[in-house]
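There are 4 protein chains.
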Amino acid sequence: MKALVYHGPGKKSWEEKPKPSIAEATDAIVKILKTTICGTDLHIMKGDVPTVTEGRIIGHEGIGIIEEVGGSVTNFKVGDRVLISCITSCGKCEYCKKSMYSHCEKGGWILGNLIDGTQAEFVRIPYADNSLYAIPANADEEALVMLSDILPTGFECGVLNGKVKPGDSVAIVGAGPIGLAVLLTAQFYTPAVIIMIDQDDNRLKTALTLGATHTINSATENATERVMKITGGKGVDTAIEAVGIPATFELCEAIIGAGGHIANIGVHGKSVTLHLETLWSRNITITTRLVDTVTTPMLLKNVLAHKLDPQKLITHRFKLEEIVKAYDTFGNAAKEKALKVILSS
Amino acid sequence: MKALVYHGPGKKSWEEKPKPSIAEATDAIVKILKTTICGTDLHIMKGDVPTVTEGRIIGHEGIGIIEEVGGSVTNFKVGDRVLISCITSCGKCEYCKKSMYSHCEKGGWILGNLIDGTQAEFVRIPYADNSLYAIPANADEEALVMLSDILPTGFECGVLNGKVKPGDSVAIVGAGPIGLAVLLTAQFYTPAVIIMIDQDDNRLKTALTLGATHTINSATENATERVMKITGGKGVDTAIEAVGIPATFELCEAIIGAGGHIANIGVHGKSVTLHLETLWSRNITITTRLVDTVTTPMLLKNVLAHKLDPQKLITHRFKLEEIVKAYDTFGNAAKEKALKVILSS
Amino acid sequence: MKALVYHGPGKKSWEEKPKPSIAEATDAIVKILKTTICGTDLHIMKGDVPTVTEGRIIGHEGIGIIEEVGGSVTNFKVGDRVLISCITSCGKCEYCKKSMYSHCEKGGWILGNLIDGTQAEFVRIPYADNSLYAIPANADEEALVMLSDILPTGFECGVLNGKVKPGDSVAIVGAGPIGLAVLLTAQFYTPAVIIMIDQDDNRLKTALTLGATHTINSATENATERVMKITGGKGVDTAIEAVGIPATFELCEAIIGAGGHIANIGVHGKSVTLHLETLWSRNITITTRLVDTVTTPMLLKNVLAHKLDPQKLITHRFKLEEIVKAYDTFGNAAKEKALKVILSS
Amino acid sequence: MKALVYHGPGKKSWEEKPKPSIAEATDAIVKILKTTICGTDLHIMKGDVPTVTEGRIIGHEGIGIIEEVGGSVTNFKVGDRVLISCITSCGKCEYCKKSMYSHCEKGGWILGNLIDGTQAEFVRIPYADNSLYAIPANADEEALVMLSDILPTGFECGVLNGKVKPGDSVAIVGAGPIGLAVLLTAQFYTPAVIIMIDQDDNRLKTALTLGATHTINSATENATERVMKITGGKGVDTAIEAVGIPATFELCEAIIGAGGHIANIGVHGKSVTLHLETLWSRNITITTRLVDTVTTPMLLKNVLAHKLDPQKLITHRFKLEEIVKAYDTFGNAAKEKALKVILSS
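Chains as they are written, first to last, in the numbering used here: chain Z, 1020 to 1364; chain L, 1020 to 1364; chain U, 1020 to 1364; chain P, 1020 to 1364.
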């Protein structure tokens, strides 16, 4: 089969690889119908993710058709259409029993990282019963690709951890795909104010069409002052960090109101300064989280009920074999006005 | 009347001051029966708390007898014995309605800070109906002095914010009065493991008698290694910072388990380093809080039911007029083996 | 002034009464701008509410202008426009401190019940600081009348108690004004399915325009069977009773799914049969509640942010002096296709 | 092997049966070391549980040693000592993913009900990885037998569902083994008052030694009046039904305070009367639950940490082959002063 293979920093190719086969009774082999590229994949390609080694097939998102199942798989059969979760869950370790699949002792984020991933014609999914989700007949397949990672990540790490509630004020720092996924799912809880902060006017414009009530270009405006003005000097109830650098995290510290929640989503490479000299008495909560994908069934329900339209995040479409070109587009997101790209087999 | 007055950094005296009188219809005047000295009072005396100005009567803890009430006070009458909360609550601002009395628009921590306090023969208590609590006839008065500040602080900022649950492992960093108040009240939730960490062997010994299951002297042992050994390499479910310096906060970051809670109590004068480069994916929660004293009625119930014995924290007793001497003792806590001192009128 | 006075079962009149005056320092006198009639008022007029005695001015909803304030009132001044809560809260009793204003020791539902109410030119509001809410300049006054009672009742007793969550299935039994208030506010949490059940096709039609995904006329259809069909045989996650008779409560018992929540709103005159012989093992939760109006500030924010349009519930408008005619219309709701009526001074 | 077999109402025998063998790759065969008899087993023997058919081996509690494992079992190996949960969980259905194992689509309560159980020399455990728990070397085996059913049932259905909190008042109606398990585990949350209500003075005496603060013999005292006196006329915060008949459930309705929780544990054969005519406005919550055994790992931790001593519930010990005699003793609990019996192989 053909697959996208990582060959060290800066090197990748769409090349022939052996088709995967069942290794454990709990495995399934899935034929990929649609996949996408994640910001994390760009980091991998730069060599920033040391767990990814030479020869690895990349990708942890997608939908497909069951090609083969191991002897213990009971939730799925050959021919079923399935959504692949970016997080693999064994369903029986201490963490899985606590619904903290991100820390599954045998799974977690392993697809396209420790084992071969989804940017290929076929992929082997361990613990298939707990790591795949059935797709109903009438579902929009492109929309569902957004449920492998980006939607549960935005919702769980941002919205749920940030305790967004009706009537609240929410600031989302970073209007990339993840920040926009937060924007879409924050509206599940009907906050009164959603302020989107970024440095790219195109993305801010998109944010307005997706439900933001205010936008701030932090390159040209004083974001802290604007947020304070919007919130009557109180700061926001929830600030969600969706970038992953010290400056954006410290912006969250500056704009959070007393009693508020800072929810970190960003993948940080460096430590940040936590201003406890002012925050110690402000009754705030800060959370971090690797997505657990425990909310995938709920997100699926709301996509099917047309309460959530994640296909709005898709800007470009390619054939699977055009994936190298798709990487170029996604890697120049600002110039290409790219959010999410869809690759179809 | 006589009162302890702050006269600038390092200067205090027990001197004659005018007896307070009713200023608002919601005030009460309380004759002090017993009071105590807080670690914060030591900071004030060093000049570390800029809101406290020359001439201020210090103190925010104590019990007393109602001497006089304003026209709108309905919960109390002259002669009632009352517990004074360190936090003043108006009961009708946005924050009070959210049970976040610490941020009351007209109250919060004002006693012995913005207005005259309790280290005096009499004190004026604003919003008496919401800031005082009735003391039943049979109550141990010394125990109740611990409920003005230290017990609700340890419980709300440490135990509640730290989400201590049955079966959990908890580390308390700092075995001073606040850390020991955490230790006492953490047991309300029956964690399986409570590790007390400090550099003073005497305090650690006390911690063992008060319910700690393990103690670590971080001056002589590698605290992180010991915690990891005790928890099978996982780290603790809850780490509670009860000191207020960067080193102890960073120790909490080092020993927290995946999915765990770091609850800050310490009053920090400097920022700390937050290691998001490792913590971003560890599903942790960090909280800060100025005590709201919303749990005072519950704590009072459990003291009366003998489920909590805060008098165990009292090591020294003085007459109120000996308060300068009491400050000397409390200010040399390690040498004097002092925890809490009681001053009685 | 003029007011609507109850003179025993079936007898009421719009008549001259003394204008109210400040009785306590915490009182305010409010000039009524707009008020409405509640289903409870109809019960009062029939003689069903024994606490309402001959001579009482009826009504517990409305907005107005502050005419006079007592000496302790600090949140409002003469000329302020205010929303009147149906629940009076003293802000300082045990229940108010627990945000359970419905059970306030000196308040609760007393307006138009134990003391004179809002269907008058003026009304005295006890504990004004805690029982009134400021109305911003640009607000839709008619919409806000719906926030005195019906919206917080539907939201707190139905939606919050029923634990409505994104992706859930919700059944609302009763499409009167309260049931429709549930429908509007349930959407704050974006359930996937909202089934409205009633016997009046006109109300069901309205429900569809307000966001119901399914409607069932229980007079002509087997409601239990339809709900089971819609939910794939599982029953709903939340069933909300908004009628107040045994049959509708038992319908909730029949359609609730394992792990689900039954939230009672209805004012019941008789006991109901609880089928513990089947429900004991179904992991269900049943709640009752008299509205606390703790969510009024949030509802106000969402009305101002145009996230909630309660004016959609208003079908008829009268002048205040036409109130007897308004009662006739509201009392023949089915025939008149009446939901809420607005009375303006 | 030998096993206790049900042969229709009133008929049982300790007889030879085939030793079970692995049927699915997820099975384990466990050699029973210790088991016990549940009140439910007595109901089965009377013919009250229609799902139990002639020839069934009874029993759903116990500890043992792994004799054999299927090919997919990874958490256990031959020779491991294990605790058997009364609830079988597949770990991969919709309900298991929601931690509602009681409603597992392929499991739930099946042991000694739909499949052969633990009152035998060997038992087959389906989905062993999710339905067994490892026993550490130093554990008290008798104590752990109490963790198969009675402790998680009392804790989850009673204490957790009843939302017991520090300082609360709790009434437990029924001082049988389940009621006493509630009593032991309610203390995890340090309520101020625990009132035990029963008609057997011997059990009430035991309750006092296990932590009850008050006892009421409802055969000789007016239980409602006594509870109201103890609680200052307010009623209890939590009332836990641990009997299963209408009278005891209605007692809970009578003694519950405003804002309180009624948690049903009892297995009811008939409907009960729910007094909504008074309760509708009292802000109460009623819960039902079949135990999920999600708290077994926590209970195990607290037994090992000596925070919970369930062996206090054991009154009689027999050899496994004396099981018929053990049934006689347990079936005459009042006369024999029996709580839990232990059967050892």
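Note that CB positions come from ideal geometry on N, CA and C, so glycine has one too. Quick caveat: nothing in here was measured; it's all calculated off a predicted structure.
- Residue range 1242-1249 is occupied by the alpha helix (DSSP H) that includes isoleucine 1249 of chain Z.
- Taking a beta-carbon distance threshold of 7 Å, glycine 1285 of chain L does not count as an interface residue toward chain P.
- Alanine 1226 of chain P and leucine 1199 of chain P have their C-alpha atoms roughly 7 Å apart.
- Under a criterion of Cβ atoms nearer than 9 Å, the residues of chain P adjacent to phenylalanine 1268 of chain U are, in order, Leu1293, Leu1295.
- Cα atoms of methionine 1215 of chain P and asparagine 1321 of chain L: separation of roughly 19 Å, rounded to the nearest angstrom.
- Interface flag for histidine 1122 of chain L against chain Z is set, since a Cβ pair is found closer than 7 Å.
- Within its own chain, the residues whose Cβ lies closer than 8 Å to the Cβ of lysine 1031 of chain U, once the five positions on either side in sequence are excluded, are Leu1023, Val1024, Tyr1025, Met1064, Ile1077, Val1343, Tyr1346, listed in chain order.
- In this structure histidine 1325 of chain Z is exposed. Its beta-carbon is surrounded by fewer than 16 other beta-carbon atoms within 10 angstroms.
- For aspartate 1217 of chain U, the enclosing beta strand (DSSP E) begins and ends at 1212-1217.
- Here the C-alpha atom of glycine 1127 of chain P lies approximately 30 Å from the C-alpha atom of alanine 1156 of chain Z.
- Each residue's CA atom was taken as its position, placing glycine 1193 of chain Z and lysine 1116 of chain U some 39 Å apart.
- Under the rule that a run must span 3 or more residues, the beta strand (DSSP E) segments found entirely inside the segment 1276-1348 of chain L read 1291-1293, 1304-1306, 1333-1338.
- Assignment of glutamate 1124 of chain L by DSSP, reduced to helix, strand and coil, places it in the coil class.
- Counting along the chain, the unbroken alpha helix (DSSP H) around leucine 1199 of chain U starts and ends at 1196-1205.
- The alpha-carbon separation between methionine 1020 of chain U and leucine 1362 of chain U amounts to approximately 16 Å.
- Contact annotation: in the segment 1126-1159 of chain P, no residue has its CB less than 9 Å from a CB in chain L.
- In this structure, DSSP gives lysine 1116 of chain Z a helical state, which the three-state scheme calls helix.
- At a beta-carbon threshold of 9 Å, none of the residues of chain U lie near glycine 1177 of chain P; the nearest stands roughly 13 Å away.
- Nearest CB-CB separation between asparagine 1321 of chain P and chain L: below the 7 Å threshold.
- Taken through DSSP and simplified to helix, strand or coil, aspartate 1148 of chain P comes out as helix.
- DSSP lists no beta-bridge partner residue for lysine 1184 of chain P.
- The Cβ of threonine 1307 of chain P sits closer than 7 Å to at least one Cβ of chain U.
- Under the Cβ criterion (8 Å, minimum of three pairs), the segment 1294-1308 of chain U counts as touching the segment 1117-1124 of chain P.
- By the Cβ-count criterion, asparagine 1149 of chain Z is buried, with 16 or more other Cβ atoms from all chains shown falling within 10 Å of its own Cβ.
- For phenylalanine 1174 of chain P, the three-state secondary structure derived from DSSP is helix.
- Around the beta carbon of proline 1037 of chain Z, a 10 Å sphere encloses fewer than 16 other beta carbons of the protein chains shown; the residue is thus reported as exposed.
- Less than 7 Å separates the beta-carbon of valine 1178 of chain L from that of threonine 1204 of chain L.
- At least 7 Å separates the CB of glycine 1089 of chain U from every CB of chain L.
- Alanine 1266 of chain Z counts as exposed, since fewer than 16 other beta carbons sit within 10 angstroms of its beta carbon.
- Rounded to whole angstroms, the Cβ separation of isoleucine 1281 of chain P and glutamate 1260 of chain P is 7 Å, and the two are in contact under 8 Å.
- Membership of glutamate 1035 of chain U in the beta strand (DSSP E) is indicated by the continuous run 1031-1035.
- Between valine 1262 of chain L and the set L:Ser1290, L:Lys1182, L:Gly1254, L:Gly1195, the nearest pair of CA atoms involves L:Gly1195.
- Residue-level contact check: leucine 1298 of chain Z touches chain L, since one or more beta carbons of chain L fall below 7 Å from its beta carbon.
- The beta carbon of lysine 1184 of chain L sits no closer than 7 Å to any beta carbon of chain Z.
- Where isoleucine 1051 of chain L is concerned, the enclosing beta strand (DSSP E) starts and stops at 1047-1054.
- In this structure, phenylalanine 1174 of chain Z lies away from threonine 1209 of chain U, with their beta-carbon atoms at least 7 Å apart.
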